[in-house]
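Below is one structure; the comments refer to it alone.
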Amino acid sequence: MAAHFYPITRDEIHEFFVGLGFVPLKLKGVVELVYAKIVRVGGHRLSLRCFTAVNPNGECREKGTDAIRLQLFMRVEAGIVPVGRPQKCLQVESWRANLRKAIERATDLNNFRLCPACGNPQVVRQNRSNGDDFWGCSLFRFTGCKGKRGNAQQAAQERTPLSRARGPASIRGAAWHEPPR
Ligand SMILES: [Zn+2]
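Number 235 in our numbering belongs to position 125 of the sequence shown; there are no gaps in the numbering.
As structure tokens, then:
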């Protein structure tokens, strides 16, 4: 059964995330609405951020560019780095149920691994030459740590188009987020 595109409104997405304890997050260089929540995964205090593909004026992005993306981030001394495996969810009528599942997957311990070399969380990243996904060290940019895990077959199973969507803009200049108490 083909799912039909359902453009989510600003009010709908706001109500959904606030209801789950998320707060709106302003990120430099990011136009779409972003919601974030502090979560604990594997004993780490992380920020789960959801890039909604709904613009601040209330317009949903067009079909094809409308995926809602979820990514965990960790605060380290050098900055804020993505960790774990990104998730995504399309804007279809069942988006609420799908998004709840995507949030569960994003915070599932099975989608969170530690670097065998330095012990910091890993992140699913994409090999630029062959397009394969792999688990790499989240601190690679800062420490050059090349701790990796996984092989080609495993990487294929873990393939996700999201790793292309992740950009430095969402990391750079992003204030660490604290939820209201
Ligand atoms: Zn490492």
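Backbone N, C-alpha and C fix where the C-beta goes; we use that ideal spot for every residue, glycine too.
Is the beta carbon of residue i sitting closer than 9 Å to the one on residue j?
{"i": "Arg159", "j": "Val144", "result": "yes"}
{"i": "Gln236", "j": "Ile118", "result": "no"}
{"i": "Val193", "j": "Phe252", "result": "no"}
{"i": "Met184", "j": "Ile178", "result": "no"}
{"i": "Cys199", "j": "Cys228", "result": "no"}
{"i": "Arg215", "j": "Arg195", "result": "yes"}
{"i": "Phe161", "j": "Glu142", "result": "yes"}
{"i": "Leu182", "j": "Phe222", "result": "yes"}
{"i": "Leu224", "j": "Gly152", "result": "yes"}
Does ligand 1 have a heavy atom nearer than 8 Å to the CB of residue i?
{"i": "Gly229", "result": "yes"}
{"i": "Gly257", "result": "yes"}
{"i": "Phe250", "result": "yes"}
{"i": "Thr119", "result": "no"}
Could you please give me the residues that DSSP links to residue i through a beta bridge?
{"i": "Lys147", "result": "Leu158"}
{"i": "Lys256", "result": "Paired residues: none, contrary to the question."}
{"i": "Val133", "result": "Ala146"}
{"i": "Ile178", "result": "Cys199"}
{"i": "Pro117", "result": "According to DSSP, Pro117 bridges with nothing at all."}
Compute the beta-carbon to beta-carbon distance between residue i and residue j, rounded to the nearest angstrom, for a pair I have assumed lies under 8 Å.
{"i": "Pro231", "j": "His154", "result": "6 Å"}
Would you tell me roughly how many angstroms separate the C-alpha atoms of residue i and residue j, rounded to the nearest one?
{"i": "Glu203", "j": "His114", "result": "7 Å"}
{"i": "Lys138", "j": "Phe132", "result": "19 Å"}
{"i": "Asp176", "j": "Ser157", "result": "22 Å"}
{"i": "Glu268", "j": "Gly168", "result": "Caution applies to Glu268, whose pLDDT of 45 falls short of 50 and renders its modelled position unreliable; the model cannot decide the point."}
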